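Under UniProt numbering, think of the first position of the sequence shown as 1, with each following residue one higher. Think of the CB as a built atom: it goes at the ideal place given N, C-alpha and C, for glycine as much as any other residue. Predicted, not measured: the structure shown is a model, and the values here were computed from it.
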Amino acid sequence: MSDHKLKNMDDSKILEEMKIELEKLRQQIAKTELKSSNGSDYNNRIKLGDFSEHILSLNDTPFSFDLQSENKPIANEFIQPQIIDDNEIDFFVSKYKKDYKIKVIGIGGAGNNIVEHIVTKFNDLVSDNVTFYQINTDAKHLNALVRNKSKAKKCFIDSPYTYGNGAGGDIQKAKKAIREYYDQQLDEILSDCDICIVIAGLGKGTGTGGSTYIVEKANSKNIITLAYAIMPLNNEGNQTYERATDGLYELLKNATAINIINSDDLNKSLSNLTVEARNNEVNNQIGTSVNAIIKLAQEKEIKNIDFGDLMYFFDKESDVSYEFLVKEIKIPSSQGSLINFNLLNNDWSETNKLIVMYQLNKQLPGKLFDEYNAKIKNSVSKDAHIVFGSKSVDGDESIVTILGKKPSGLIHSNSNLDVSFNALINRPDSYNSTEYDKFPEWKKIITDNNGSVTENALVVVNKNGSQNETNSSIETKSILSLFDSEE
1 MSDHKLKNMD
11 DSKILEEMKI
21 ELEKLRQQIA
31 KTELKSSNGS
41 DYNNRIKLGD
51 FSEHILSLND
61 TPFSFDLQSE
71 NKPIANEFIQ
81 PQIIDDNEID
91 FFVSKYKKDY
101 KIKVIGIGGA
111 GNNIVEHIVT
121 KFNDLVSDNV
131 TFYQINTDAK
141 HLNALVRNKS
151 KAKKCFIDSP
161 YTYGNGAGGD
171 IQKAKKAIRE
181 YYDQQLDEIL
191 SDCDICIVIA
201 GLGKGTGTGG
211 STYIVEKANS
221 KNIITLAYAI
231 MPLNNEGNQT
241 YERATDGLYE
251 LLKNATAINI
261 INSDDLNKSL
271 SNLTVEARNN
281 EVNNQIGTSV
291 NAIIKLAQEK
301 EIKNIDFGDL
311 MYFFDKESDV
321 SYEFLVKEIK
331 IPSSQGSLIN
341 FNLLNNDWSE
351 TNKLIVMYQL
361 NKQLPGKLFD
371 EYNAKIKNSV
381 SKDAHIVFGS
391 KSVDGDESIV
401 TILGKKPSGL
411 IHSNSNLDVS
421 FNALINRPDS
431 YNSTEYDKFP
441 EWKKIITDNN
451 GSVTENALVV
461 VNKNGSQNET
471 NSSIETKSIL
481 SLFDSEE
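What follows is the structure, encoded as structure tokens:
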């Protein structure tokens, strides 16, 4: 037989082997596609761009597509790219935490009452991911709340320091009670928590001592910790106000950010209302604020805002204390212009981070929407970082919720004043011997005959060396007026 005929037979044999290998490959691909469509286990499924590791472990033998080669790669070990289906997308999404845990804690009488109002008015907030607690050393107060059968969890601190009668205004007694007899339960509350919100009235025992202890513990666990601090009325006396100031300092030092409610200022602005209506307004103000924060953290339908934005918003620099503000405004579709409308007051002028969420109905004019955005921008710091988001809602009105954050002027100041120990609220832990010795008058004010630290007065030192001194009645508004003075 001629060489030409032998060559033709060899070629035919090679071609036949190629057809067999191609058929095997086609069958393998078909099986793989069927397996993928049936939702097989992720680890055994084909992923884009993957190929058999066996191909990479052929003792560094170069690839040869000669079908007669003994070292040829097996055709059915090549894995073909596949289209990612919904099951695979769900796998990647489920790797990351979707539902963040929020714990709202009302401590003491005022905190308990405000939480009761929130869970009653905003009862849709309570869920597997959002839990409300009412913690108290006063058994009588908790028993009264139990009768309401609200969705908040009632927690009694039973200790020999309080005997179920409350702390009687003794902050240290309240702290000992919670530290020695409720610390383990508190650890359990904070064990699975992304955001902790603490609500308390300051100036009394359980509210002041408990809130500062809880905030410090939550902060030590790297939890985003927000505190609502209700300052007492001026007519409650100097001692109560000074205790509240002590508590306020501790909250500013440890919380991620705090919201301060000045009872005197609020009562003046609502002087035409009844006492009960004014008290409800405090509850409404805090409740609306808490509701907004929870919605921002939990809502999945807000465009352009995610939990990462909220994390960035509450990011805290070391040694800086922050206050946060929340405002909710209802916008009727019939509203014409904002020319004479005061959207945000002066409290917002120093805010440098904002989250603005719109709940937009279909009738809101675009021009009015633009005016609101411009008003917000012009009411805050010129260097403010602002994130806008929105979601569609039904109804006749739109709602804008504004969350703002600023460095606290109660400890840090941007004005032309030097403050004793670099802090408006003086404390021994910010002692600076150089500055201390510079002004002998400080020794007279902050030490007693035994050399122990007292806090009966506050000194603010101007750049030119002159001093402003408060008396023993330390009031927030008088402190702030010292900051605003220019001498």
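**Message:** Using the three-state DSSP reduction, which class does residue 76 fall into: helix, strand or coil?
**Reply:** Any reading at residue 76 must be qualified, since the residue scores a pLDDT of 46, below 50, and its modelled position is unreliable; no value is offered.
**Request:** Identify the continuous alpha helix (DSSP H) that holds residue 103 and give its terminal residues.
**Result:** In the DSSP assignment, residue 103 falls outside any alpha helix (DSSP H) and within the unbroken beta strand (DSSP E) covering 102 to 107.
**Prompt:** Are residue 356 and residue 302 touching if we call contact CB-CB under 8 Å?
**Reply:** The Cβ atoms of residue 356 and residue 302 lie no closer than 8 Å to each other.
**Neighbourhood of residue 264 by C-beta distance below 7 Å, restricted to the same chain and skipping five residues each side** = Shown here for residue 264: same chain residues with a beta carbon closer than 7 Å to its own, the five before and five after excluded, namely 233 and 234 in chain order.
**Message:** Could you tell me which whole beta strand (DSSP E) segments of length 3 or greater appear in the region 199 to 274?
**Reply:** Taken in chain order, the unbroken stretches of beta strand (DSSP E) that lie wholly in the region 199 to 274 and span 3 residues or more are 224 to 231 and 257 to 262.
**Item:** Short Cβ contact (8 Å threshold) for residue 178 with residue 228
**Value:** Contact annotation: residue 178 and residue 228 have beta-carbon atoms that are not nearer than 8 Å.
**Simplified DSSP assignment, three categories, for residue 396** = Assignment of residue 396 by DSSP, reduced to helix, strand and coil, places it in the coil class.
**Request:** Spatial neighbours of residue 152 within its chain, please: CB distance less than 6 Å, with the 5 preceding and 5 following residues excluded, ordered by chain position.
**Result:** Result list for residue 152: 115, 119, 132 and 134, in chain order.
**Burial state of residue 241 (16 or more Cβ within 10 Å)** = Only buried fits residue 241, as 16 or more other CB atoms lie within 10 angstroms of its CB.
**Prompt:** Using the beta-carbon count (16 or more within 10 Å), is residue 20 buried or exposed?
**Reply:** It is exposed - the Cβ of residue 20 has fewer than 16 other Cβ atoms within 10 Å.
**Request:** Would you please verify whether the beta carbon of residue 289 is less than 8 Å from any beta carbon of chain B?
**Result:** Structure shown: chain B not included; a single protein chain is present.
**Prompt:** Are there 16 or more other CB atoms within 10 angstroms of the CB of residue 13, so buried, or fewer, so exposed?
**Reply:** Counting of Cβ neighbours within 10 angstroms places residue 13 among the exposed residues, the total staying below 16.
**Request:** Mark residue 192 as exposed unless 16 or more other C-beta atoms lie within 10 angstroms of its C-beta, in which case mark it buried.
**Result:** Residue 192 is classed as exposed because its beta carbon has fewer than 16 other beta carbons within 10 Å across all chains shown.
**Prompt:** Closest by CA to residue 409, which one among 258, 370 and 181?
**Reply:** In terms of Cα proximity to residue 409, the closest of 258, 370 and 181 is 258.
**Request:** Let me know the secondary structure DSSP gives residue 406 once reduced to three states.
**Result:** Per DSSP, reduced to three states, the secondary structure at residue 406 is strand.
**Message:** By alpha-carbon positions, which one of 326, 156 and 279 ends up nearest to residue 406?
**Reply:** Here the closest residue by C-alpha is 326.
**Prompt:** How is residue 149 classed by DSSP in three states: helix, strand or coil?
**Reply:** Looking at residue 149 - three-state DSSP - the assignment turns out to be coil, as it is neither helix nor strand.
**Prompt:** If you draw a straight line from the alpha carbon of residue 424 to that of residue 313, how long is it in whole angstroms?
**Reply:** For residue 424, the pLDDT reaches just 40, beneath the cut-off of 50, and the residue's location in the model is therefore unreliable, although a value from the coordinates is still provided. The straight-line gap from Cα to Cα measures roughly 25 Å.
**Request:** Starting from residue 190, follow the alpha helix (DSSP H) in both directions and report where the run begins and ends.
**Result:** Counting along the chain, residue 190 sits inside the alpha helix (DSSP H) bounded by residues 183 to 190.
**Item:** Inter-residue Cα distance where the pair is residue 381 and residue 347
**Value:** Straight-line Cα distance between these residues: approximately 11 Å.
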